[in-house]
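Residue numbers (the numbering used here): 1 to 211. Where a beta carbon is used, it is the ideal one built from N, C-alpha and C, also for glycine. No experiment lies behind these values; they were computed from the predicted model shown. Structure, as C-alpha cells:
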C-alpha cells in the first residue's frame with residue numbers, strides 16, 4: 001500500500017486543497033543579466049551556465065503549489081530537501097512532500113504527485129531518476145524540476161540543476177567520476193533550487209542549469 005512506503009506531509013500551506021483550477025503561475029521579478037542569452041532560447045537538452053545570482057530577483061507567486069518528491073536518507077538528499085523546505089518557507093510556497101520509502105514504488109508515488117495538481121514537482125534523490133525518465137515523457141503537461149542530478153534525455157517538461165560533483169544521470173550510467181557528496185553544501189543546494197525555479201517560471205525548461 002502507498003501508505004506503507006510514503007509519507008505525505010503538508011507544510012507552508014495556505015489551506016488551499018488544490019482542487020480548483022487556476023491560471024498558470026507567473027514569475028514575480030525578472031532574470032538578471034547573464035542568466036541566459038536574451039537573443040535566443042536554449043535548445044532542447046542544452047546546458048546553460050547562468051551568472052551567479054542572476055536568478056535572485058525571480059520569485060514564485062504566493063501559494064505556488066509544489067510537491068517535493070524525495071527518496072533516500074543520504075546526506076546529499078537531506079541537504080536538497082532542507083534547501084527546498086527553506087525556500088518554500090521564505091517564498092510562502094504551498095509545499096507538500098511525498099517521501100518515497102521504497103524505490104521500487106517510485107512510479108506510483110510520481111503518479112500520486114501528479115494527481116495532486118501541483119504547479120511544479122521537485123525531485124530530490126538519485127533513486128528517483130530512472131522512474132522519472134520512465135514517467136515524464138508521457139506527461140508533458142506536468143512540470144518537473146530535478147535538483148542535484150539530471151535525466152539523460154529530458155523532455156521539454158523536465159528541467160535539471162546540476163554542478164561539478166552532482167552529475168548522476170541514471171539509466172545504468174551511475175555517478176560520474178567527479179561525483180562528490182561534499183559538494184552538496186547548503187549554499188549550493190539553495191542556489192540550485194532558486195535557479196531551477198527561476199528557469200521554470202520563465203519557461204526555460206527541458207534544459208540543464210549548470211552552477
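> Quick one: what does DSSP say residue 58 is sitting in, helix, strand or coil?
Replying inline: coil
> Going by the CB atoms, is the gap between residue 119 and residue 64 shorter than 8 Å?
Replying inline: yes
> Are the segment 131-147 and the segment 40-47 touching by the rule of at least three beta carbon pairs closer than 8 Å?
Replying inline: no
> Is residue 20 helix, strand or coil when you go by DSSP?
Replying inline: coil
> Apart from the five residues just before and just after residue 141, which ones in its own chain have a Cβ nearer than 8 Å to its Cβ?
Replying inline: 157
> Going straight from the alpha carbon of residue 189 to that of residue 51, what length do you get?
Replying inline: 16 Å
> Does DSSP put residue 140 in a helix, a strand or coil?
Replying inline: coil
> First and last residue of the alpha helix (DSSP H) that includes residue 188?
Replying inline: 186-201
> With respect to the beta strand (DSSP E) encompassing residue 204, which residues constitute its N-terminal and C-terminal limits?
Replying inline: No beta strand (DSSP E) holds residue 204; DSSP gives it neither H nor E.
>> Is it the case that the segment 95-111 contacts the segment 44-62, given that we only count it when at least three CB pairs across the two stretches are under 8 Å?
In response: no
> So, is residue 22 buried or exposed, given that buried needs 16 or more other C-beta atoms within 10 angstroms?
Replying inline: exposed
>> So for residue 84, helix, strand or coil by DSSP?
In response: helix
>> Using the Cβ count rule (16 or more neighbours within 10 Å means buried), how would you classify residue 138?
In response: exposed
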